[in-house]
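Engineer: Residues 1 to 215 (full-length UniProt numbering) are what the sequence shown spells out, left to right.
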Amino acid sequence: MTQDGQTRGEPDDEVARAIMEHKQAERKQAYARRRAHRRSRTKAGERCAALLDGSALLGGVRTAACYVSMGTEISTMPLLSLFAQRGVRTLVPRLGSGAQIGWTAIGADELRTLRHAEKPAHGTLRPDEPRGPVLEASALGACDVIVLPALRVDRHGARLGRGGGWYDRALAWRRAGVPLVAVCWPWEFADEPVPALAHDVPVSAVLTPERLEVL
1 MTQDGQTRGE PDDEVARAIM EHKQAERKQA YARRRAHRRS RTKAGERCAA
51 LLDGSALLGG VRTAACYVSM GTEISTMPLL SLFAQRGVRT LVPRLGSGAQ
101 IGWTAIGADE LRTLRHAEKP AHGTLRPDEP RGPVLEASAL GACDVIVLPA
151 LRVDRHGARL GRGGGWYDRA LAWRRAGVPL VAVCWPWEFA DEPVPALAHD
201 VPVSAVLTPE RLEVL
């Protein structure tokens, strides 16, 4: 704690506000560019799945966490299918009525009911969710690899998300050393630093349709 009552590592309000505004500007730019690639989302997802399938990151994986794609995101349906084919127990997010942190385990049967959400439901775009039992946030502690979305990632693993902070809160339950794999388009993985605050959790690998890079 500093003399003025601030927690060490956290910027003052003015700096934090500037970082948040920078993040919002980057999100708008990312969405604008992504919209031009709507037709290639499934093929991009298939390439991502093929790259991850051939990597050491899946060696010995028994339980994984992976999001259900929506909107401008690369489709994760191929990744979810890959986990099912390999017999991996897969947890997908459950947001409940708001943004609660929960998970549901899915298999091949449940996977058939999921889809890439393209249009907002009731005015808000949300990922599709399975109907199985909701597991507590602590269920993430069983995962051997965690796949999460990103709008941009830099070489140090700083990740720009959608802005809700869901994953930053959820990842508090992960085991130490478990790989965090961010999925994004090739141009979203770049040298330019991503604006970040102390609570932002860095990722350990980046998966694009062109390559998988461990950081």
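The beta carbon of each residue, even a glycine, is placed where N, CA and C say it ideally should be.
Given the structure is predicted, the values throughout are model-derived calculations rather than measurements.
Is it right to say Ser-75 is buried, meaning 16 or more other beta carbons lie within 10 angstroms of its own, or is it exposed?
Structural biologist: With 16 or more Cβ atoms within 10 Å of its Cβ, Ser-75 is classed as buried.
Engineer: Assuming Glu-46 contacts Pro-78 (C-beta within less than 8 Å), just tell me the rounded distance between them.
Structural biologist: The Cβ separation is near 5 Å, so the contact holds.
Engineer: Using CA coordinates, which residue listed in Phe-83, Ser-204 and Glu-210 is at the minimum distance from Val-61?
Structural biologist: Comparing Cα positions, the closest option is Phe-83.
Engineer: Considering only their Cβ atoms, is the gap separating Val-134 from Val-206 smaller than 8 Å?
Structural biologist: No, these two residues do not count as a Cβ contact at 8 Å.
Engineer: Can you give me the Cβ contacts of Ala-44 inside the same chain, cut-off strictly under 6 Å, excluding the 5 residues immediately before and after it?
Structural biologist: Ile-74 and Pro-209.
Engineer: For the candidate residues Ala-198, Arg-41 and Gly-107, whose alpha-carbon lies nearest to that of Arg-86?
Structural biologist: For Arg-86, the nearest C-alpha among the options comes from Gly-107.
Engineer: Would you mind working out which of Phe-189, Ala-64, Gly-71 and Lys-23 sits nearest residue 220, comparing C-alpha positions?
Structural biologist: Here the chain comprises residues numbered 1 to 215, so residue 220 is not present and cannot be evaluated.
Engineer: Give, in chain order, every unbroken run of the beta strand (DSSP E) that is at least 3 residues long and sits entirely within the stretch 61-121.
Structural biologist: Here the runs fully enclosed are 63-66, 89-94 and 102-106.
Engineer: As a quick exercise: from Cys-48, Val-145 and Pro-179, pick the residue whose alpha carbon is nearest that of Leu-88.
Structural biologist: In the sequence as presented, Leu is not what sits at residue 88; that position holds Val. Of the listed residues, the one whose Cα sits closest to Val-88 is Val-145.
Engineer: Under 8 Å: do the stretch 26-33 and the stretch 50-61 share three or more Cβ pairs, one atom per stretch?
Structural biologist: No, they do not touch.
Engineer: Mark Gly-161 as exposed unless 16 or more other C-beta atoms lie within 10 angstroms of its C-beta, in which case mark it buried.
Structural biologist: Under this definition Gly-161 is a buried residue.
Engineer: With 16 as the cutoff for other CB atoms within 10 Å, does Val-203 come out buried or exposed?
Structural biologist: With 16 or more other Cβ atoms within 10 Å, it is buried.
Engineer: Quick check: the Cα distance between Ala-150 and Ala-182, rounded to an integer number of angstroms?
Structural biologist: Cα to Cα, the separation comes out at about 6 Å.
Engineer: Quick check: what's the CA-CA separation for Arg-211 versus Trp-173?
Structural biologist: Approximately 28 Å between the Cα atoms of the pair.
Engineer: May I ask you to report which of helix, strand or coil DSSP gives Pro-149?
Structural biologist: In the structure shown, Pro-149 sits in a strand (DSSP, three-state: E or B).
Engineer: Restricting to Cα atoms, I'd like to know which of Ala-137, Leu-95 and Leu-80 is closest to Thr-113.
Structural biologist: Ranking the options by Cα distance to Thr-113, first place goes to Leu-80.
Engineer: Which residue comes first and which comes last in the beta strand (DSSP E) that contains Glu-46?
Structural biologist: Per DSSP, Glu-46 belongs to no beta strand (DSSP E); it is in the alpha helix (DSSP H), 41-53.
Engineer: Taking the alpha carbon of Val-147 as the point to measure from, which residue in Tyr-167, Ala-158, Asp-200 and Ala-139 has its own alpha carbon closest?
Structural biologist: Among Tyr-167, Ala-158, Asp-200 and Ala-139, the Cα nearest to that of Val-147 belongs to Tyr-167.
Engineer: Identify every residue that forms a DSSP beta bridge with Leu-160.
Structural biologist: Beta-bridge pairing links Leu-160 to Arg-152.
Engineer: In terms of residues, what are the limits of the beta strand (DSSP E) holding Ala-205?
Structural biologist: 205-207 is the span of the beta strand (DSSP E), which, as asked, contains Ala-205.
Engineer: According to the neighbour-count rule (16 or more other Cβ atoms, all chains shown, within 10 Å of its Cβ), is Trp-103 buried or exposed?
Structural biologist: Label assigned to Trp-103: buried.
Engineer: Between which two residues does the alpha helix (DSSP H) carrying Ala-170 extend?
Structural biologist: Residues 166-170.
Engineer: Would the beta-carbon of Val-214 fall within 8 Å of that of Arg-159?
Structural biologist: Not in contact: Val-214 and Arg-159 (Cβ atoms no closer than 8 Å).
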